[in-house]
Each structure stands twice: as structure tokens, then as C-alpha cells.
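Residue numbers (the UniProt record's numbering): 1 to 141.
See below:
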């Protein structure tokens with residue numbers, strides 16, 4: 001059996017350099033199958049990753065099942081390229097009776113340089129739902 005060494009803290013710090021000081025809701029690698037005809041990553045794929053990240057934050061806050069009901073705002077700032085490491089950060093910013101507004105930022109670490117760049121941001125609305133799919137109250141914190 002070979003011993004696995006833990007990476008030193010400076011290597012970990014370099015990996016996260018330039019990214020927000022938060023845990024990402026999701027992190028994934030942009031693959032060739034996700035590219036559009038121009039060779040960039042398809043915007044719909046990126047939007048789907050943001051929806052998943054927002055749902056993670058909403059599920060935690062609602063303590064259960066949620067449904068996406070709106071994309072209230074969406075801005076694409078920079079392209080995502082094949083091989084970029086995508087991290088999506090999501091924060092619940094407003095809670096109603098059954099709905100939650102979630103701000104989402106997507107950042108990449110560029111494949112060849114490791115440089116961190118914000119590529120998208122948006123606000124999505126989720127509704128807490130019960131087992132039958134009907135809206136239910138979001139629990140108090």
C-alpha cells in the first residue's frame with residue numbers, strides 16, 4: 001500500500017486564489033460535450049449549473065424540496081471554455097412565505113492559467129413544495 005500525502009496548505013491556497021471566500025454550492029469541469037458551435041460552453045449548460053447551485057441553497061434553507069419558479073435576472077460576463085473549472089456560489093437573499101430569492105455567481109479557474117474570473121451572475125426564485133408539489137411555508141431560521 002502506498003501512502004498518500006496531503007497537499008500542503010500553500011498548494012490549496014493557490015487552487016482557491018481569486019475565488020470568493022465561500023464554499024461553492026457546486027463545482028464541475030466544463031467538458032467538450034457542453035460546447036456550442038463556437039467552441040465555448042453553451043449558455044444553457046451554464047444556466048443549468050446555476051439552477052442546481054441555487055436549488056442547493058434553497059433546499060438547505062427550506063429544509064426540503066423546492067422548485068425553480070423564475071430566473072429574475074441573468075448576466076453573462078465572460079465565456080466559459082472547455083477545461084475550465086466552474087464554481088457556483090449561491091446565497092439566499094430574501095425569504096417570503098413559501099418563496100426564496102437566491103443570488104448566484106459563477107466563477108471559473110481557467111484551464112491553462114488557473115486565473116479566477118467571474119463569468120455569470122443571476123437571481124433565481126425557488127418555492128418550497130410539499131410531497132404533492134404544492135407550495136408550503138419556508139420554516140423560520
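For each residue, glycine too, the CB sits at the ideal point set by N, CA and C.
Note that the structure is a prediction, hence the values are computed from the model and not measured.
Start-to-end residues for the alpha helix (DSSP H) that takes in residue i
i, result
"residue 49", "43-62"
Proximity below 8 Å, CB of residue i to CB of residue j
i, j, result
"residue 55", "residue 66", "yes"
"residue 29", "residue 80", "no"
"residue 102", "residue 90", "yes"
"residue 104", "residue 83", "no"
"residue 87", "residue 136", "no"
"residue 64", "residue 128", "yes"
"residue 69", "residue 132", "no"
"residue 106", "residue 119", "yes"
"residue 48", "residue 25", "no"
Supposed close pair residue i, residue j - CB separation, criterion 8 Å
i, j, result
"residue 44", "residue 76", "Actually they do not touch by this definition, with Cβ atoms about 11 Å apart."
"residue 92", "residue 61", "5 Å"
"residue 100", "residue 58", "5 Å"
"residue 71", "residue 138", "At roughly 19 Å, the Cβ-Cβ gap does not stay under 8 Å, so residue 71 and residue 138 are not in contact."
Residue i in three-state terms, based on DSSP
i, result
"residue 37", "coil"
"residue 135", "strand"
"residue 30", "coil"
"residue 25", "coil"
"residue 104", "strand"
"residue 99", "strand"
Element boundaries [beta strand (DSSP E), containing residue i]
i, result
"residue 85", "85-95"
"residue 122", "116-128"
"residue 113", "Here residue 113 belongs to no beta strand (DSSP E), and DSSP marks it neither H nor E."
"residue 74", "66-76"
Cβ-based burial, residue i [other Cβ within 10 Å; buried from 16]
i, result
"residue 19", "buried"
"residue 34", "buried"
"residue 141", "exposed"
"residue 37", "exposed"
"residue 21", "exposed"
"residue 130", "exposed"
Short CB-CB distance (under 8 Å) between residue i and chain C
i, result
"residue 109", "The question asks about chain C, but that chain is absent: this structure has only one protein chain."
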